[in-house]
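Below: one structure, written as structure tokens.
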Amino acid sequence: MKYQAYPVETGVPTFTLGNEDGNALREFIESELSPRLKIKLDVDIVSELQTSMVWGSLPGRTEETIYVMAHRDGFFDAAGDNASGVASMIALAEYYAQFPKSERRRTLVFIGLDGHHNSGPGFGVERMWLAANHETLFDQTALLINAEHPSTVQTIVRPRYLNRDDEMIWSNSYTAFHWYAGGSTRPELNKIAQSAFQEFGISTYLEPNPRAPAGDLSRVFQYVPGLTTTDYYHYFHSDLETAETVPWTGLQNTTKAYARIIDEVNKLDLDVLKRPPGTGLDQ
Ligand SMILES: [Zn+2]
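This is how it looks when you write it as structure tokens:
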């Protein structure tokens, strides 16, 4: 399995080495052999390409908003991280576009983020822009759903005792999620989320994360009622992030749950979802 880490901030070309190669190299260094290593890096770097955020909106009856966002960039085939999130977001856009404006209480805004994986000084520059502009963007926002890694295949590492090699086996299910639904100061949103998870059979950790998990919501959850369900543990950033590791059942169920959450949130007034003034950021 090939793996791509986030870029690190160095002034020299940097790449990821597999565990066995890394250990072999370290053993050489630890030995008396004074190893010399010659590496040829065969990659193309294409400079001066342009990218941008993509916005789409479905106007509603009011100027109050519900956002759905998903980052569009990824490593390798990027099926889990984050084509799955983009698929979920597009399905929600298609679904809500069927209804006339008069049946949408709030304006739905869909954001395709770019540059999520560009570590270094510009890391997540778009979500930092969202955070910097939170007062204008999120003043009237009832909910922001971050669709990020919404379905990954459940795998199990089974030790093979005889030859000591571990074996990776797949299940016919999808992985339980980290989840966050506005934190402890938004019990109504937590309740809506949990009942949607139950209705559509979403596996989650029993307790929500106290803060938004790593990912694009982590920069903006302080400013907006945020919701995410996400998994990071299987084939993340590897060349096994193919369509086979994204169970369609999980993708469907998660997306339906997001729609249910949007509908239920639309029954609540904004003041129920806004944080009380002076609320600590950690909640
Ligand atoms: Zn991601």
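With the numbering used here, letter number 241 in the sequence shown gets 423, and the count goes up by one each step, no holes.
From the three backbone atoms N, C-alpha and C, an ideal C-beta is built for every residue, glycine too.
Note that the structure is predicted; figures quoted are calculated from it, not measured.
{"Query": "Measure the beta-carbon distance from H253 to H316 and round it to whole angstroms, keeping in mind my assumption that it falls under 8 Å.", "Result": "Contact doesn't hold; Cβ gap of about 18 Å is too wide."}
{"Query": "Taking the runs of the beta strand (DSSP E) that are 3 residues or longer, which of them lie wholly in the region 285-351?", "Result": "289-295, 323-329 and 335-341"}
{"Query": "Give me the Cβ distance between F418 and I384, rounded to the nearest whole Å; I'm assuming they're in contact under 8 Å.", "Result": "Wrong, their Cβ atoms sit about 19 Å apart, outside the cutoff."}
{"Query": "Would you mind working out which of V291, D259 and L223 sits nearest P241, comparing C-alpha positions?", "Result": "V291"}
{"Query": "Tell me the residue span of the alpha helix (DSSP H) that contains V447.", "Result": "W430 to V447"}
{"Query": "Do you know how far the Cα of A260 is from the Cα of Q186?", "Result": "11 Å"}
{"Query": "Report the option in V194, V190, T192 and G200 whose CA atom is closest to the CA atom of S420.", "Result": "G200"}
{"Query": "Buried or exposed: which applies to S266, given that a residue is buried once 16 or more other Cβ atoms fall within 10 Å of its Cβ?", "Result": "buried"}
{"Query": "Taking the alpha-carbon of D263 as reference, which of H416, R442 and R208 has the nearest alpha-carbon?", "Result": "H416"}
{"Query": "Using a 10 Å radius around the Cβ and a threshold of 16 neighbouring Cβ atoms, would you call M251 buried or exposed?", "Result": "buried"}
{"Query": "Taking 7 Å as the cut-off, is the CB of N300 close to at least one heavy atom of ligand 1?", "Result": "no"}
{"Query": "Assuming A324 contacts P390 under a Cβ cut-off of 8 Å, what Cβ separation, rounded to an integer in Å, is found between them?", "Result": "Not a contact, Cβ separation roughly 19 Å."}
{"Query": "D263: beta carbon under 7 Å from a heavy atom of ligand 1?", "Result": "yes"}
{"Query": "How should F320 be labelled, buried or exposed, when 16 other C-beta atoms within 10 angstroms of its C-beta is the threshold for buried?", "Result": "buried"}
{"Query": "Give the secondary structure of F210 by DSSP, where H, G and I count as helix, E and B as strand, and everything else as coil.", "Result": "helix"}
{"Query": "Where do the N-terminal and C-terminal ends of the alpha helix (DSSP H) with V268 fall, by residue?", "Result": "S266 to A279"}
{"Query": "Would you tell me roughly how many angstroms separate the C-alpha atoms of I374 and W311, rounded to the nearest one?", "Result": "29 Å"}
{"Query": "Tell me the DSSP secondary structure of S400 in three-state form.", "Result": "helix"}
{"Query": "Determine the DSSP secondary structure at I374, reduced to helix, strand or coil.", "Result": "helix"}
{"Query": "Ignore the nearest five residues each way along the sequence and tell me which others in V447's own chain have a CB closer than 6 Å to its CB.", "Result": "A324 and L325"}
{"Query": "If distances are taken between C-alpha atoms only, which option among I211, E308, V268 and A275 comes closest to S234?", "Result": "E308"}
{"Query": "At the level of alpha carbons, what is the spacing between N372 and Q232?", "Result": "39 Å"}
{"Query": "Checking 8 Å against the spacing of the C-beta atoms, do T482 and T436 come in under that value?", "Result": "Residue 482 is absent from the structure shown; the chain starts at 183 and stops at 465."}
{"Query": "Kindly provide the ranges of any beta strand (DSSP E) runs that are 3 or more residues long and lie completely inside the region 230-258, ordered along the chain.", "Result": "236-240 and 247-253"}
{"Query": "Is any heavy atom of ligand 1 found at a distance shorter than 7 Å from the C-beta of E209?", "Result": "no"}
{"Query": "Who are the near neighbours of A279 in its chain, counting only those whose CB is closer than 7 Å to its CB and skipping five residues on each side?", "Result": "L240"}
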